[in-house]
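This is the structure in structure tokens:
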């Protein structure tokens, strides 16, 4: 039951902000579903890809996705996700979880900083080289520790490409779909060689209820104050990152 409730929260956060939900999925799979670290990362990639893909279909119909940015940002992200997944299967799980905890802290800090800033001015030119680099970096993170990277993608698209927040969130979800799918495929390939099974019933159930939560979050995102939401979520992430580090040190 706790896993399913968490699934709603994951989807709700992802639909609300275009970021954050993915970074919750790994700890949910570990602590609520009792999965081993690497299985939790692979499971998170499947769940995040499913939820993001569903939202992307809706955004596609609404013509909210910026396809030019998918080329500059998404394609290097796919390469990065594959390489990140390969690297993730080559290092110890303690390294992965330490990196994951650091990323949670970075994401929380970023959200707190954003909530204190005024809306950025839109730009007319796209810093293609910077977008390419950030896209590759985001993909690496996705494949390595199972996070979607929306906390980097959304501000990068608004600040560097100068698009609206609505378009940035829609484009971010499309990029996350691509990156998470590629990363999951690589983990699944390695798992099949090692004889590791995934808890498919749990994954499908969490993904399905996460989709419902994401649709609710997507609708409410137009009405709720984003600054206050980000502050609350950021504090939660800081606590979760601290807990993860303590557990790794204690383990």
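Residue numbers (my numbering): -8 to 242. Ideal placement from N, C-alpha and C gives every residue a C-beta, glycine not left out. Owing to the predicted nature of the structure, the values given are computational and were not obtained by experimental measurement.
If we ignore side chains and look at the alpha-carbon of each, how far apart do residue 25 and residue 164 end up?
Near 27 Å, if we compare the C-alpha coordinates of residue 164 and residue 25.
For residue 145 and residue 238, what's the separation of their Cα atoms in angstroms?
Spanning the two alpha carbons is a distance of roughly 30 Å.
On the three-state DSSP scale, how would you describe residue 83?
In the structure shown, residue 83 sits in coil (DSSP, three-state: anything other than H, G, I, E or B).
Considering only the alpha carbon of each residue, which of 27, 68, 73 lies closest to residue 180?
Ranking the options by Cα distance to residue 180, first place goes to 73.
Are the Cβ atoms of residue 223 and residue 95 separated by less than 9 Å?
It is not a contact, given that the beta carbons lie outside the stated cut-off.
In its own chain, which residues sit with a C-beta less than 7 Å from the C-beta of residue 46, not counting the 5 before and 5 after it?
Counting only Cβ-Cβ distances below 7 Å, and skipping sequence neighbours, we find 6, 164, 205, 209.
Within this structure, are the beta carbons of residue 55 and residue 158 separated by less than 9 Å?
Result yes, Cβ atoms of residue 55 and residue 158 sit closer than 9 Å.
Taking only runs that begin and end inside the segment 11 to 45, name each unbroken alpha helix (DSSP H) of 4 or more residues, in chain order.
Listed in chain order, the complete alpha helix (DSSP H) runs (minimum 4 residues) inside the segment 11 to 45 are 12 to 18.
How about the segment 76 to 83 and the segment 193 to 201: do they share at least three Cβ pairs that are nearer than 8 Å?
These segments do not touch.
Among residues of its own chain, excluding the 5 on either side of residue 243, which ones have a beta-carbon nearer than 6 Å to its beta-carbon?
Shown here, the chain extends from -8 to 242; a query on residue 243 therefore has no answer.
Closest to residue 34 by C-alpha separation, out of 193, 234, 231, would be which residue?
If we check each option's Cα against that of residue 34, 193 comes out closest.
Looking only at its chain, what residues have a beta carbon closer than 6 Å to the beta carbon of residue -2, apart from the 5 residues adjacent to it on each side?
197, 200, 201, listed in sequence order.
Does the separation of the CB atoms of residue 143 and residue 128 fall below 9 Å?
Yes, the Cβ-Cβ distance between residue 143 and residue 128 is below 9 Å.
Could you tell me the alpha carbon to alpha carbon distance between residue 138 and residue 43, rounded to whole angstroms?
Distance between the alpha carbons of residue 138 and residue 43 is about 12 Å.
Is it buried or exposed for residue 57, if we count other Cβ within 10 angstroms and need 16 for buried?
So residue 57 counts as buried.
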